Amino acid sequence: MSDPILCADVGGSFISMGVFTPGSALVREKQKRPTPTQDLEAFINAFREMSAPYPNLPLHIAIAGLSDPETGLCKAANIKAINGIKLREVLEKSLSRPVRVGNDADCFALAEAREGAAKGHSNIFGIILGTGTGGGLILNDKLIVGRGGYTGEWGHGPFIQDMQGKTPYFQCGCGLYGCLETIGNARGLEHLHHWHSKESLNSFDILSNAHRNEPAASKTVSLFISYLSSALAVAVNITGASIVPVGGGLSNDKALIKMLDEEVNRKLLYVPHSALVVPTQLGGDAGMIGASYLS
């Protein structure tokens, strides 16, 4: 078994941290605190305080953003404190310990490949359906990190066309219109429901109503699955992934994941013999576990 690593998962709301030994599948001594999203010094201090009990452990971090492997610069739209800075360099200097930084979806894919639902598979497309739409790609057992850290960003690009009010054509945070990111996650499900029903409900209530066959919610979920499955089928056809583990809040709805799996399979060139789209086995610890495998 490998040496223990101090791992953190940094989102727009919280920093989660724990000690993980690769191969153990158990995160120990977990702690959590709100993410200082606006102030870099407060962000560094949070890490200084949380990591203080473990002075001899290296720190591996999964962030809700990108870290350019060439320049080290971070791009994190929801964590302005670290946007545009060399996070690894800053933390290594401030904390006097080795630091590794990776994208949270990449770390999720690594975690499920090594310890979770995708264990035993060589080609994996791990996706996150939470407040956003993320993806991490592993081919031939190797994490793929493209130019600028961009890989697996299946939520972006003009996927939905403007059909004069007949389709949910929203502007994405990236500046484009019609990205899957605008409807292909928990927040997007809420936007989609309001678009066609004018009801303002949270994603949990929409799904609960749909499972009770309430007409408006059922229509929303049907549209949601249709858009999501079309984009995901293209991603699977391109990558040749043999399994698609799903993380994020929506992965807790097993009926939704089953519907997505069935619809994706219907749109694939090659139909797998077992479930393709499956829920995470590691839950909220996946980001921390995956971070431990960053090299």
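Numbering-wise (this note's numbering), the sequence shown opens with residue 133 and increments by one.
By construction, the Cβ of each residue, glycine as well, lies at the ideal position given by its N, Cα and C atoms.
On a predicted model such as this, the values are computed, not experimentally measured, just so you know.
Looking at the backbone, the Cα of I375 and that of A241 are separated by about 11 Å. Relative to Y186, the option among T169, A196, L138, A208 whose CA is nearest is L138. Around the CB of E285, 16 or more other CB atoms lie within 10 Å, so the residue is classed as buried. Assignment of N177 by DSSP, reduced to helix, strand and coil, places it in the helix class. Counting the other CB atoms within 10 Å of its CB gives E313 a total of 16 or more, which places it among the buried residues. Excluding five sequence positions before and after A209, the CB atoms of its chain that fall closer than 8 Å to its own CB belong to G197, N215, G305, given in chain order. With a threshold of 16 other beta carbon atoms within 10 Å, I370 falls short and is exposed.
The beta carbons of I338 and E395 sit about 18 Å from each other, so the pair does not count as a contact at 8 Å.
The three-state reading of DSSP puts R229 in coil, since its state is none of H, G, I, E or B. DSSP, read as helix, strand or coil, puts S335 in helix. For R344, no beta strand (DSSP E) segment is defined, and its DSSP state is neither H nor E. Judged by pairs of C-beta atoms under 8 Å, the stretch 215–225 does not touch the stretch 274–283, as fewer than three such pairs exist. Rounded to the nearest whole angstrom, the CA to CA distance from V231 to A423 is 11 Å. In the DSSP assignment, S329 falls within the alpha helix (DSSP H) that extends over 318–329. Taking 9 Å as the cut-off, the Cβ atoms of C239 and G419 count as close.
M295 sits in coil when the DSSP states are folded into three classes, being neither helix nor strand.
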